[in-house]
């Protein structure tokens, strides 16, 4: 298909488009032989149109030559064995569907999702940090056919903002933010994500209408 298209292009550029130029050139040469004096005068005083025609003619000839070379290259490549492309996706789209339609909903407790089945499912700390999940948020867990866990926040709880200082409990190896006499636990991934250090001032999100042990870092001041 491509060769036929290039053949058409090169036929046009190499044939009809240049036949006019060639014919004009031959007519001009014939006229030159019949009227040498007029041709000499015209050569001495070339017009702007003559100069443009020369430039256009040379440009078109150069384009035609290059297209012919490209067409030849494609003809040579067509003799090679065709490549066998695998159009089958590497991952079946059906794998994105839950196993037997299994979807588990639950509540975020600051680190994990407590499912309606009573089980505890670990939420990836990086996801929890970037999503700024707050204790009490409603979540949905989908288990794909490949066995992957996909978490999604489906019902954020009302939030309140508090400002405090980042602290670290050496005994429990736990980061926290101390606000107004109380320390809220925060994920280490949140401190790392926001490049916080012990002693930095931080703004955290906590449930507005219920007590909590955990907060989500919103920003480092």
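In this note's numbering, the protein residues as written are 10 to 230.
Even for Gly, the Cβ is constructed at its ideal location relative to N, Cα and C.
>> Tell me the rounded alpha-carbon separation between residue 154 and residue 124.
In response: Along the chain shown, one-based indexing puts residue 154 at 145. Along the chain shown, one-based indexing puts residue 124 at 115. Their Cα atoms are separated by approximately 19 Å.
> From residue 183 to residue 134, what distance separates their C-alpha atoms?
Replying inline: What you label residue 183 is simply residue 174 of the chain shown in a count that begins at 1. What you label residue 134 is simply residue 125 of the chain shown in a count that begins at 1. Straight-line Cα distance between these residues: approximately 14 Å.
> Between which two residues does the alpha helix (DSSP H) containing residue 200 stretch?
Replying inline: On the chain shown, residue 200 is found 191 positions in, with the first residue counted as 1. Segment 197 to 202, the alpha helix (DSSP H) holding residue 200.
> Since residue 207 contacts residue 177 with CB under 8 Å, what's their CB separation in whole angstroms?
Replying inline: For the purposes of this step, residue 207 is identified with residue 198 of the chain shown, where counting begins at 1. For the purposes of this step, residue 177 is identified with residue 168 of the chain shown, where counting begins at 1. Confirmed, Cβ separation roughly 5 Å.
> Can you tell which of 128, 149, 144, 76 has the C-alpha that lies nearest to the C-alpha of residue 220?
Replying inline: Within the chain shown, the letter at position 211 stands for residue 220. When each option's Cα is compared against that of residue 220, the closest is 144.
> For residue 162, does the three-state DSSP call read helix, strand or coil?
Replying inline: In the chain shown, the residue the question calls residue 162 occupies position 153. Three-state result, residue 162: strand.
>> Between which residues of its own chain and residue 164 is the CB-CB distance below 6 Å, once the five residues before and five after are set aside?
In response: Translated into positions along the chain shown, residue 164 becomes position 155. 147.
> Applying the criterion that 16 or more other CB atoms from any shown protein chain within 10 Å of the CB defines a buried residue, is residue 64 buried or exposed?
Replying inline: Locating residue 64 in the chain shown gives position 55, counting from the first residue. By the 10 Å Cβ count, residue 64 comes out exposed.
> Skipping 5 residues on each side, what residues in its chain have a beta carbon closer than 6 Å to that of residue 200?
Replying inline: Numbered from 1 along the chain shown, position 191 holds the residue referred to as residue 200. Cβ neighbours of residue 200 beyond the five flanking positions: 184.
> In terms of residue numbering, what span does the alpha helix (DSSP H) encompassing residue 135 cover?
Replying inline: As a first step, residue 135 is located in the chain shown; it is residue number 126 there, counting from the start. Per DSSP, residue 135 belongs to the alpha helix (DSSP H) from 134 to 140.
> Would you say residue 119 and residue 130 are within 8 Å of each other, going by their C-beta atoms?
Replying inline: Here residue 119 refers to the residue found at position 110 of the chain shown. Here residue 130 refers to the residue found at position 121 of the chain shown. Not closer than 8 Å, so no.
> Based on Cα-Cα distance, which residue from 214, 69, 218, 58 lies nearest to residue 142?
Replying inline: Sequence index remark: in the chain shown, residue 142 carries index 133 (1-based). Answer by Cα proximity: 214.
> Pick from 69, 180, 217, 209: whose alpha carbon is nearest that of residue 230?
Replying inline: Sequence index remark: in the chain shown, residue 230 carries index 221 (1-based). Among 69, 180, 217, 209, the Cα nearest to that of residue 230 is on 209.
>> Using 8 Å for Cβ pairs, my map puts residue 223 next to residue 181. What's the rounded Cβ distance?
In response: Taking the chain shown and counting its residues from 1, the one referred to as residue 223 is at position 214. Taking the chain shown and counting its residues from 1, the one referred to as residue 181 is at position 172. About 13 Å; that fails the 8 Å criterion.
>> Suppose the cutoff is 6 Å on Cβ atoms and the five residues either side in sequence are ignored; what does the same chain contact list for residue 173 look like?
In response: Indexing the chain shown from 1 puts residue 173 at position 164. These residues qualify, in order along the chain: 186, 187, 188.
> So is residue 157 buried or exposed if we call it buried at 16+ other beta carbons inside 10 Å?
Replying inline: Looking up residue 157 in the chain shown gives position 148. Exposed.
> So, using beta-carbon positions, are residue 140 and residue 202 closer together than 8 Å?
Replying inline: What you label residue 140 is simply residue 131 of the chain shown in a count that begins at 1. What you label residue 202 is simply residue 193 of the chain shown in a count that begins at 1. Against a cut-off of 8 Å, the Cβ pair of residue 202 and residue 140 comes out as no contact.
> At what residues does the beta strand (DSSP E) containing residue 154 begin and finish?
Replying inline: Along the chain shown, one-based indexing puts residue 154 at 145. Per DSSP, residue 154 belongs to no beta strand (DSSP E) and is neither H nor E.
> Buried or exposed: residue 112, going by 16 or more other Cβ atoms within 10 Å of its Cβ?
Replying inline: Against the chain shown, residue 112 aligns to sequence position 103. When all chains shown are included, residue 112 counts as exposed.
> What number of angstroms, rounded off, separates the C-alpha of residue 136 from the C-alpha of residue 205?
Replying inline: Along the chain shown, one-based indexing puts residue 136 at 127. Along the chain shown, one-based indexing puts residue 205 at 196. Computed Cα separation, rounded: 18 Å.
> Going straight from the alpha carbon of residue 122 to that of residue 128, what length do you get?
Replying inline: Indexing the chain shown from 1 puts residue 122 at position 113. Indexing the chain shown from 1 puts residue 128 at position 119. Roughly 8 Å between the two C-alpha positions.
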